[in-house]
Amino acid sequence: MTSVTVDAARIELNEGETVLDGLLREGIEHPHGCKSGVCQSCILQLSEGEVPNVAQRSLTAAQQQLGYFLACQCKPNSDICAVSGTVTAAKVCANILSIEKLNAHVLRLRMEAEMAFKAGQYISVWNPQGQSRCYSIASLSSETGIIELHIKLLPGGVFSEWFDKSLAVGESVEISGPMGECIYTAAPDQPLLLAGIGTGLAPLYGILQDALHAQHKGSITLVVAAKNSSQLYLMNQLRVLEQQVDNLTVHFLVQTLDDNKQDVRVADIYQFIKETHPVTKGYRAFLCGADSFVKKMKKHIFLSGADMKDISADAFLPSG
99 MTSVTVDAAR
109 IELNEGETVL
119 DGLLREGIEH
129 PHGCKSGVCQ
139 SCILQLSEGE
149 VPNVAQRSLT
159 AAQQQLGYFL
169 ACQCKPNSDI
179 CAVSGTVTAA
189 KVCANILSIE
199 KLNAHVLRLR
209 MEAEMAFKAG
219 QYISVWNPQG
229 QSRCYSIASL
239 SSETGIIELH
249 IKLLPGGVFS
259 EWFDKSLAVG
269 ESVEISGPMG
279 ECIYTAAPDQ
289 PLLLAGIGTG
299 LAPLYGILQD
309 ALHAQHKGSI
319 TLVVAAKNSS
329 QLYLMNQLRV
339 LEQQVDNLTV
349 HFLVQTLDDN
359 KQDVRVADIY
369 QFIKETHPVT
379 KGYRAFLCGA
389 DSFVKKMKKH
399 IFLSGADMKD
409 ISADAFLPSG
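Numbering (my numbering), first residue to last: 99 to 418.
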């Protein structure tokens with residue numbers, strides 16, 4: 099018999115029985131609906147073992163890569179362990195390696211922690227008072243063990259003040275996660291469009307590094323926007339990278355100029371992408387930033403031809 103452990107519950111499956119049917123037979127409540135793989139309400143995330151392809155067939159490439167599967171479609175051939183969405187991610191300690199300002203508005207925080215993650219996912223950072231904020235991961239997927247965050251500094255913000263004035267290198271903080279499905283998944287020759295506003299660059303920077311690490315062959319276009327040029331960051335690094343990578347193009351857009359930067363264009367990001375990418379059929383798109391921008395941009399990318407499953411988004415909610 100095959101053993102299945104979901105959260106703290108361990109069951110033995112009968113021959114030919116799905117994980118969902120086994121849970122229900124044992125009186126273990128688990129969300130479900132259609133039992134045919136359509137509603138996806140029975141979704142679980144694999145932590146140990148392997149599941150058959152049919153259990154992931156209707157999921158997105160990102161969900162598959164993160165180990166998600168449908169309990170109603172899963173008849174495992176060997177023992178597995180999984181967690182449900184109701185389980186809160188355990189907190190782990192992260193050691194602060196560096197704190198530096200990328201500009202007057204953005205802080206880069208690098209930490210080391212034993213946590214498996216994919217670039218573009220996000221984590222929760224907890225302060226000593228038990229409060230938390232979510233931040234997207236800007237570093238290459240967890241091979242290095244280094245987690246990089248880009249923190250937007252908001253005047254009077256609880257976490258902004260803590261990061262900027264109190265937290266010091268060598269100290270430790272509690273983090274939990276990772277969460278989110280905005281990660282690099284694409285066919286090697288598929289064109290990529292990465293678009294973000296402000297610190298929406300953080301997950302895009304990580305996704306870009308993952309794509310380059312995977313030796314992505316298709317064209318890669320990164321479009322970053324801000325209110326003015328003083329709010330842009332990592333410009334020099336990205337320009338150098340653009341010169342080194344033949345298939346990478348980087349655009350910096352602002353609403354108003356406030357310095358003499360020659361490589362910044364005054365343009366609305368939504369209109370700019372509509373003009374430069376009128377047809378997005380076959381594209382893999384990543385959209386990160388304010389919720390209003392993400393929704394509007396996602397609609398255009400879809401209506402101009404991209405498959406909805408090829409559009410990943412990370413929408414930010416304002417918090418300090």
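Note that the Cβ used here is the ideal one computed from N, Cα and C, for glycine as well.
Write down every uninterrupted run of the alpha helix (DSSP H) in the region 211-263 whose length is 4 residues or greater and which is fully enclosed by it, in chain order. Qualifying alpha helix (DSSP H) stretches, in chain order: 256-259.
Would you tell me roughly how many angstroms separate the C-alpha atoms of Asp119 and Ala159, rounded to the nearest one? 26 Å
On the premise that Gly114 lies in contact with Cys170, defined as a C-beta separation below 8 Å, what is that separation, rounded to the nearest angstrom? At roughly 14 Å, the Cβ-Cβ gap does not stay under 8 Å, so Cys170 and Gly114 are not in contact.
Start and end of the alpha helix (DSSP H) containing His398? 389-401
So, helix, strand or coil for Leu195, using DSSP? Judged by DSSP in its simplified three-state form, Leu195 adopts strand.
Would you list, in sequence order, the uninterrupted beta strand (DSSP E) runs of no fewer than 3 residues that lie entirely inside the region 136-194? 141-146, 166-168, 178-181
I'd like to check one pair, Gly294 with Gly218: are the Cβ atoms closer than 8 Å? no
Going straight from the alpha carbon of Lys396 to that of Tyr381, what length do you get? 12 Å
Roughly how many angstroms lie between the CA atoms of Thr347 and Leu290, to the nearest whole one? 10 Å
Which value, in whole angstroms, describes the spacing of the CA atoms of Phe261 and His248? 11 Å
Run through DSSP, which three-state label would Glu373 get? helix
With H, G and I counted as helix, E and B as strand and the rest as coil, what does DSSP make of Asn326? strand
Taking all protein chains shown into account, do 16 or more other C-beta atoms lie within 10 angstroms of the C-beta of Pro150, making it buried, or fewer, making it exposed? exposed
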